[in-house]
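So the structure is just underneath, and the comments pick up after that.
Protein chains: 2
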Amino acid sequence: MSIPTVINAAGRAVMTELNGKPAIPFRGVGKYRPSGNRYGPPIPSCTDFPPDGNKVVTTLEEALLRCGIRDGMTISTHHHLRDGDLISNRIFEIASVMGVRDLVWFPSASFPCNEPVIKYLEDGTINRIEGSMNGPLGRFVSEGRMKGTAVLRSHGGRVQAIQDGEVKIDIAVLVAPSSDSFGNARGTGGNSACGVLGYAKADAMYADKVIVVTDNLVDIPCLPMEIEGNYVDYVVVVDKIGIPEKIVSGTTQITKSPDRLLIAELTAAFLEKSGILKDNVRMQAGAGGTSLAIGVFIHEILRKKGWKSKFGFGGSTRYMVEMLEQGQMEYILDAQVFDLESVESVTRNPKHVSYPVFNAYNYHSKGNLTCMMDIMILGATEVDLNFNGNVVTHSDGYLLHGIGGWQNCLHARNVIIPLPLFRDRIPVIVDEVTTLCGPGELIDVVITERGIAINPLRKDLIESVRNSGLPLTTIEKLKEEAERICGKPSKPVFDEKIVAAIKWVDGTIIDTVRKIKK
Amino acid sequence: MSIPTVINAAGRAVMTELNGKPAIPFRGVGKYRPSGNRYGPPIPSCTDFPPDGNKVVTTLEEALLRCGIRDGMTISTHHHLRDGDLISNRIFEIASVMGVRDLVWFPSASFPCNEPVIKYLEDGTINRIEGSMNGPLGRFVSEGRMKGTAVLRSHGGRVQAIQDGEVKIDIAVLVAPSSDSFGNARGTGGNSACGVLGYAKADAMYADKVIVVTDNLVDIPCLPMEIEGNYVDYVVVVDKIGIPEKIVSGTTQITKSPDRLLIAELTAAFLEKSGILKDNVRMQAGAGGTSLAIGVFIHEILRKKGWKSKFGFGGSTRYMVEMLEQGQMEYILDAQVFDLESVESVTRNPKHVSYPVFNAYNYHSKGNLTCMMDIMILGATEVDLNFNGNVVTHSDGYLLHGIGGWQNCLHARNVIIPLPLFRDRIPVIVDEVTTLCGPGELIDVVITERGIAINPLRKDLIESVRNSGLPLTTIEKLKEEAERICGKPSKPVFDEKIVAAIKWVDGTIIDTVRKIKK
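Going down the list, the protein sequences come from chains L and Y. The first sequence begins at 1 in this note's numbering and counts up by one. The second sequence begins at 1001 in this note's numbering and counts up by one.
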């Protein structure tokens, strides 16, 4: 059965019904206005909670039973334990044994460690995943094997969907490196420290039932309270919530590839010469090898000029921590933490603070931080001639990545995408992105090892570097060059069946992903 | 016209309709279970907010107009500027000039500085106050001169009413000692520092429109963000939000009265001998002269024994700060700050933290901190033979005080009320409280300068001090002694007209206040 589709404002065919509920096609950037009110979870009463504040129950199974787990419920988790998470899979293992069916898993992200979930997708325990699908999970979905339709949202879009009641979380299972018996919890301390719990907050506030799972029970009050116990129903204490070395990488590594270093150097030069990089700049970059190199180059420029970045928005890395500690950055604002140095920093440095995702990324909010960022360094799997970006599928059509904060970050003042012209001899700049995740009007600059293409909409930026000596080119020329080297790539062949919907930051559907035709 | 009443579970005649909406009579402690869902304010969109994040408008008047101020709206304010607040009255002055009628003022507390509001109650700008009524405002209400019926709630009850949608705030006007142009705001910095903004958070989160008023505009990001800018519509910058010396008293003063000192000494002795005071104790006391003396005596005992209080819950005072700094208290958790030393402490000491009222006091929550407190020292205007307590009216029947956190604090494990046997030759222990604010089953011990009465329900406590040498007595004997000295006080004579409703922590009506008969 194929789902009926309509053409949305971006020219993509998308469904008007998603997993049995009406869905709104993308209407253009800033064009859709929400109506109605935020969701309010059921009103609880202290009468139903232990007066001594002790909410500890013996096992996760007991907690899930007490939360009334049953068919069709939505279970949410956060991803702060990253690839070291030992609890998410366990939830569905328990549910499977209980014979619960058709759950919706609503993670803030998934990781390779979640491959075992495929078993519970296959046995009917899970109907679908609404969250990032990568590696084996992406392949499973792309092959059309998931029962329900996957829904991919940005970090901000996830928060928007929760607060707007678009996704009603029945049970949130929130792992916490430290918690007290009341459920006040934080991301630091113990053996499984992950730094901050930024992506857990919306779940705690809006879920009907909330379970905190910890391996480090501390005295009341567990401070700072990133999860507030007044939102928590049960606390489960286990031996181990995560594998420390997989929660945070020992060290995040700068790229050693000469091409990537060249891209990083060009990016830093562009930022300097265009005047975007300035004293008090607000900046954000990812934790990939090229982004880290860009950060190091920027640090050097700031130091040389005697400037300081007002703040950097994390995921933080040791390179940001160095800027903070050496005086070239005033604050690190963080929603997640990528390495041990950053965990250490957020634990002890009052200028390194956990920052609410509602404030940073939520588009259904009274403004947000992302719009106010000066420099935003982002990646992409593909960029096309209209500067449209793709981050979820590769050119072979398979779901590969989640959206993360990518769509939210597109709202920054200057969005720069440094990327290699090709990867594994497949061009990255294409005629038309396989999957549209971000409209080209929001992507300002593409920087490759073979030149810099500025979006023609940004006449001001083009003007700012006119006589800079930078290797300026056009997106068309970059594409031609890539194809000259690699040849024109063959397009993936898709089946009719839609396997995933890509949400825009406002909850509308910007694109879909279809099943790969074998 | 008299409102029809029914007798509630505490034997008090209360209305079933309050200001035109159905009201629920008190059903007994822990007996009423709420239904339905928390309120969700309208969903906003970044589309409607400035992309540069700058929400500053020129005047409070302009902000109110942009918020669409109109007849019948509910306007909320917080009380962290205490008697130095320069903004609350100004709101109604503006509204009066605009010709807006029948507003509801919903402050988290009011102070003598709010006397000018009477003018706007008289001219019809304000229909009623839902919040504390003291001094001149209390007299105005008690004389039956307010158009609507006053509603008094505890701090926790106010938060409960907001989240449950019992009170829908149309416009919250939140003064902030520091704010950035996005509306991220805090209680420290500038010339009007008040320490924390604990009571502003619920208003920011749940109001339809939010205005932040500051006299200290700081760079983005204003940290720590006690008010998160994503909830804020407009920021108004004025010359002066408050009078510093009236915001926090220069010094909070321990009582010098020999009787009060004796009460304090007896209280400390009772806590020590009963075993309630112990290592890791969780404690809370007020900022009155007797409470402060008790705190000092407790400090001395802790020091002597080598014990430490796990935490004290504020309003904080310099005496708590001394315990923190000298090592006899591990944390101060704070929802408001009473003196300069405490402002200083919360600004710089990471063990002195702003604590969410939702977590501390809200009864419609998944448990709260108050239930977990070991020692709770509270005041009262009257206590009766059934240990019932009154904090809002004096024995002359006039509204005198707000409830503050008093009702919430009654849920602590050991509730101790130290109070003089009489004030101005009027007995404080009476046959029956003029106004019932807290049921006697929650009040454990009454300590006077002429003896200690333990609630017969607390057999364990009676047992614990049986051979302690403390001057134990009964509540009946205390009353007799007071009347022997002062004579039996005459009762106030009330009119039929109900002028105020007293809410319990769960939103039900525990009692009413009637108009004074002249």
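Positions of the beta carbon are idealized from the N, C-alpha and C atoms, including for glycine. This structure is a prediction, so every number in the text was calculated from the model and none was measured.
Residues Val-1104, Phe-1106, Val-1167, Lys-1168, Ile-1169, Asp-1170 of the same chain have their beta carbon placed closer than 7 Å to that of Thr-1074 (chain Y), with the five preceding and five following residues left out of the count. Note: Arg-423 (chain L) is bridge-paired with L:Ile-426 in the DSSP secondary-structure output. In the DSSP assignment, Lys-1305 (chain Y) falls within the unbroken alpha helix (DSSP H) covering 1289-1305. Residues of the stretch 1315-1332 of chain Y with a Cβ closer than 9 Å to any Cβ of chain L, in chain order: Glu-1330, Tyr-1331. Assignment of alpha helix (DSSP H) within the stretch 1211-1247 of chain Y, counting only whole runs of 4 or more residues, yields 1244-1247 in chain order. Within 7 Å of the CB of His-352 (chain L), no CB atom of chain Y is found; the nearest one sits about 11 Å away. When the beta-carbon positions are compared, Ala-1109 (chain Y) and Gly-1507 (chain Y) stay at least 7 Å from each other. If you look at Glu-1382 (chain Y), you'll find it in the beta strand (DSSP E) that goes 1382-1384.
Under the three-state reduction of DSSP, Met-1329 (chain Y) is assigned to strand. The Cβ-Cβ distance between Ile-498 (chain L) and Cys-437 (chain L) does not fall below 7 Å.
Distance check between Glu-1483 (chain Y) and each of Y:Pro-1427, Y:Ile-1510, Y:Asp-1495 places Y:Pro-1427 closest, using alpha-carbon atoms only. When 9 Å is used as the limit between beta carbons, Glu-483 (chain L) is near no residue of chain Y, the shortest such separation being about 36 Å. Look at the beta carbons and you see the stretch 239-256 of chain L not touching the stretch 217-228 of chain L: under three pairs across the two are nearer than 8 Å.
Cβ-Cβ distances below 6 Å link Met-133 (chain L) to Val-141, Ala-150, Leu-399 in the same chain, with the five nearest sequence neighbours on each side left out; the list follows chain order.
Rounded to the nearest angstrom, the gap between the Cα atoms of Gly-1030 (chain Y) and Asn-1368 (chain Y) is 14 Å. Against chain L, the CB of Tyr-1206 (chain Y) has no partner CB under 7 Å away; the residue lies outside that interface. Here the alpha carbon of Gly-1289 (chain Y) sits roughly 49 Å from the alpha carbon of Leu-340 (chain L). Here the stretch 272-279 of chain L lies against the stretch 455-475 of chain L, with 3 or more beta-carbon pairs under 8 Å apart.
Listed in chain order, the positions of the stretch 1371-1387 of chain Y with a beta carbon within less than 8 Å of a beta carbon of chain L are Cys-1371, Met-1372. Selection L:Met-205, L:Gly-389, L:Ile-429, L:Arg-450 evaluated against Leu-442 (chain L) yields L:Gly-389 as nearest (Cα-Cα). In the three-state reduction of the DSSP assignment, Gly-1138 (chain Y) falls in the helix class. By the criterion of at least three beta-carbon pairs nearer than 8 Å, the stretch 1118-1138 of chain Y is not in contact with the stretch 1470-1485 of chain Y. Collapsing the DSSP output to three states places Leu-1103 (chain Y) in a strand.
Put simply, the stretch 156-167 of chain L does not touch the stretch 418-433 of chain L. Fewer than three CB pairs are less than 8 Å apart. For Ser-96 (chain L), the uninterrupted alpha helix (DSSP H) run begins and ends at 88-98, by DSSP. Fewer than three beta-carbon pairs drawn from the stretch 1379-1395 of chain Y and the stretch 1351-1358 of chain Y are found closer than 8 Å, and the two stretches are therefore not classed as touching. In this model, Lys-1310 (chain Y) and Asp-1203 (chain Y) are separated by some 30 Å (Cα to Cα). As the crow flies, the alpha-carbon of Ala-1207 (chain Y) is around 54 Å from that of Pro-489 (chain L). Residue contact check for Arg-33 (chain L) against chain Y: a CB pair falls below 7 Å.
Here DSSP, grouped into helix, strand and coil, assigns Gly-124 (chain L) to coil.
Against chain Y, the CB of Glu-228 (chain L) has a partner CB under 7 Å away; the residue lies at that interface.
Inclusion of Glu-344 (chain L) and Lys-308 (chain L) in the CB contact set at 7 Å is not warranted, their separation being larger than that value. Around Asn-1184 (chain Y), the same chain offers Pro-1221, Cys-1222, Met-1225, Gly-1229 as residues with beta carbons nearer than 6 Å, after the five sequence neighbours per side are excluded. Residue pairing by DSSP puts Ser-1249 (chain Y) in a beta bridge opposite Y:Asp-1339.
According to the DSSP secondary-structure assignment, Met-283 (chain L) is paired through a beta bridge with L:Gly-312, L:Ile-375. For Lys-1304 (chain Y), the closest C-alpha among the options Y:Gln-1326, Y:Pro-1112, Y:Phe-1313 is that of Y:Gln-1326.
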